[in-house]
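To keep things clear, I will list the structure first and then write my remarks on it.
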Amino acid sequence: MQLYNTLSAKEREKLIEEAGKDRLTISFYKYAHIGNPHILRNHLFITWNEMEVLGRIYVAHEGINAQLSVPAEKFGNFKNHLDSISFLENVRLNIAIEQDNKSFLKLKVKVRKKIVADGLNDATFDVTNKGIHVGAEEFNRLIEDPDTVLVDMRNHYESEIGHFKNAITPDVDTFRDSLDIIEKDLAEHKEDKKLVMYCTGGIRCEKASAYYKHKGFKNVYQLEGGIIEYTRQVRDQNLENKFLGKNFVFDHRRGERISEDVISHCHQCGKPCDTHVNCANEACHLLFIQCEECAEAMDQCCSVECQEIHALPIEEQKRLRKGKGASNKIFKKGRSPVLKYKR
Ligand SMILES: [Zn+2]
Ligand SMILES: [Zn+2]
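Heads up, the sequence shown is in my numbering, so the first residue is 1294 and it goes up one at a time.
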């Protein structure tokens, strides 16, 4: 029985192209008590592999977090299968607005300690005592209230290309850092202000809202389903869209355009741009914002140094990388001294 991915990304890409069929990019999460994550992991892999589902899925004792690409014609089967798993029956599926048949090229189901690397010790607070979930319409009303403090729970490289008007966007690399910064900034207002938070698909707010309530915040709200679900509701219910720019997503697409505003800048020349790329030098792979002109001039690299390495024969590049630990800058995500216009 096949329990792991066997095709390379290139082989898969070719298969998808040859099939010529539409795929849906879907995400969902659920906190639930899972007795044996390994059994669930194998069950999901076997079933989804057969359905040609691709994506990145984390399973833990605390629940499941999944980002997927599902063949459109298999969506019914996929949904029926989810509904057959008791804790996933009718789970809310976030379906991407802009489709990309190559959003994921492998199926990876991993057992982890946690479904989000939140850096929290869950034993120290009641994770089930969450904030009030609000939909798009209520959220729009709340964020116009002068007593509201609106907080973006995502990292700096995500909010840089898109966020809600008037949101506080902590300049942080990790979720854990942002929790502390916000608590400190709002220490005076734990009782008199409404703390309203949002993230990409809602999962980070599930923990954050419980954490802030534990820390003494009295009025805590969270955007149900995050920016993805907000956008869908705004479109379906004809509401005013208060999100500016692009929603950063964790698949091949990198970002989903929500409004026409371009709120960030090319990190190399400073002109308006909100296209994320990874440095073409495999040993660097830095995630940063680069306009088309700079991409052309720099061969999609972050620096002259990387451009020179990228221009070498592949074998020579491999030799240089040896023993250095590949992709050693990957976690800097836009924070590099070579990027002149990174805030
Ligand atoms: Zn540029
Ligand atoms: Zn680079």
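Yeah, the Cβ is synthetic: ideal placement off N, Cα and C, and Gly gets one too.
Please read all numbers here as calculations on a predicted model, not as lab measurements.
Nearest residue (CA-CA) to residue i, options the options
i     : options                       : result
A1359 : R1547, I1388 and K1367        : I1388
R1316 : H1456, I1461, C1498 and E1306 : E1306
V1402 : R1525, P1606 and G1348        : G1348
H1449 : V1442, P1463, L1375 and L1413 : P1463
Q1392 : R1546, Q1593 and C1572        : R1546
P1364 : A1604, E1310, L1472 and D1592 : E1310
D1415 : A1501, V1527 and N1298        : A1501
R1405 : G1424, G1328 and V1352        : V1352
L1532 : G1428, K1511, F1371 and G1424 : G1428
N1433 : Y1491, S1452 and K1483        : Y1491
A1573 : E1549, I1607, V1542 and G1548 : I1607
I1461 : K1407, V1444 and L1472        : V1444
S1437 : N1459, H1426 and D1529        : Per the sequence shown, the amino acid found at residue 1437 is Glu instead of Ser. Selected option, being the one with the closest Cα: N1459.
T1467 : A1480, R1497 and T1568        : R1497
L1381 : L1337, N1571 and G1424        : L1337
K1407 : Y1322, E1476, G1424 and R1385 : Y1322
K1314 : N1394, S1379 and R1385        : N1394
Cβ neighbours of residue i in the same chain (closer than 7 Å, five flanking residues each side left out)
i     : result
F1418 : A1503, Y1504 and H1507
F1371 : M1344, V1346 and V1363
K1399 : N1298, A1302, R1305 and L1347
Proximity test, residue i beta-carbon vs ligand 3 heavy atom, cut-off 8 Å
i     : result
G1563 : Ligand 3 is not part of the structure shown, which contains ligand 1 and ligand 2 as its ligands.
Identity of the residues DSSP links to residue i by a beta bridge
i     : result
N1571 : L1580
H1456 : L1537
L1361 : I1319 and G1348
M1446 : Per DSSP, none; premise fails for M1446.
L1488 : V1442 and V1513
L1381 : Paired residues: none, contrary to the question.
Y1634 : Partner(s): none; Y1634 has no beta bridge.
E1311 : Paired residue(s): none; E1311 is not in a bridge.
E1549 : N1540
Y1523 : Beta-bridge pairing links Y1523 to no other residue.
H1426 : Q1515
N1387 : S1320
H1558 : P1565
L1400 : G1348
I1461 : V1444
A1353 : G1356
Assumed close pair residue i, residue j - CB separation to whole angstroms, cut-off 8 Å
i     : j     : result
N1540 : I1551 : 5 Å
F1581 : C1599 : Not quite, the Cβ-Cβ distance comes to about 11 Å (not below 8 Å), so this is no contact.
Q1295 : N1342 : 6 Å
Y1514 : K1535 : Rounded, the Cβ-Cβ distance is 15 Å, inconsistent with contact.
E1575 : Q1610 : 7 Å
V1324 : E1499 : Here residue 1324 is Tyr; the residue named in the question, Val, does not match the sequence. Indeed, because the Cβ distance is near 6 Å, the residues count as touching under 8 Å.
I1454 : G1538 : 5 Å
L1632 : Q1561 : 7 Å
I1390 : E1549 : 6 Å
H1482 : V1442 : 7 Å
E1430 : Q1530 : 7 Å
Span separating the alpha-carbon of residue i from that of residue j
i     : j     : result
S1377 : N1383 : 10 Å
R1612 : E1517 : 49 Å
G1563 : C1587 : 10 Å
R1420 : E1589 : Position check: residue 1420 holds Val in this sequence, whereas Arg was assumed. Taking the straight line joining both Cα atoms gives about 48 Å.
F1624 : A1302 : Confidence is the limiting factor: at F1624 the pLDDT is only 49, short of 50, which leaves the residue's position unreliable, though a coordinate-based value still follows. Approximately 22 Å, taken between the alpha carbons.
I1339 : L1333 : 10 Å
L1435 : F1457 : 12 Å
E1601 : R1447 : 34 Å
I1474 : V1489 : 15 Å
V1409 : G1328 : 18 Å
K1622 : T1524 : Because K1622 sits at a pLDDT of 47, beneath the cut-off of 50, its placement in the model cannot be relied upon, and the following sentence gives the value as read from the coordinates. So the two alpha carbons sit approximately 33 Å from each other.
D1478 : G1369 : 47 Å
D1544 : H1331 : 24 Å
G1356 : K1367 : 24 Å
Q1593 : N1373 : 43 Å
K1511 : S1452 : 26 Å
H1354 : L1375 : 18 Å
D1645 : Q1526 : Here the chain comprises residues numbered 1294 to 1636, so residue 1645 is not present and cannot be evaluated.
S1471 : V1465 : 6 Å
I1350 : L1300 : 17 Å
R1385 : E1484 : 32 Å
N1282 : R1614 : Examination of residue 1282 is not possible in this model, given that the chain is present from 1294 through 1636 alone.
R1528 : H1426 : 19 Å
T1568 : M1591 : 15 Å
Same chain, Cβ closer than 6 Å to residue i, neighbours up to 5 away in sequence not counted
i     : result
R1469 : G1412
S1362 : R1316, T1318, L1347, G1348, S1396 and F1397
G1494 : S1320, N1387, G1519 and I1521
H1326 : none
Beta-carbon proximity list for residue i, same chain, < 8 Å, skipping 5 on both sides
i     : result
N1422 : A1503, K1506 and H1507
H1558 : K1564, P1565, C1566, I1582 and Y1634
S1629 : L1579, F1581, C1595, S1596, K1622 and K1635
E1476 : Y1505 and K1508
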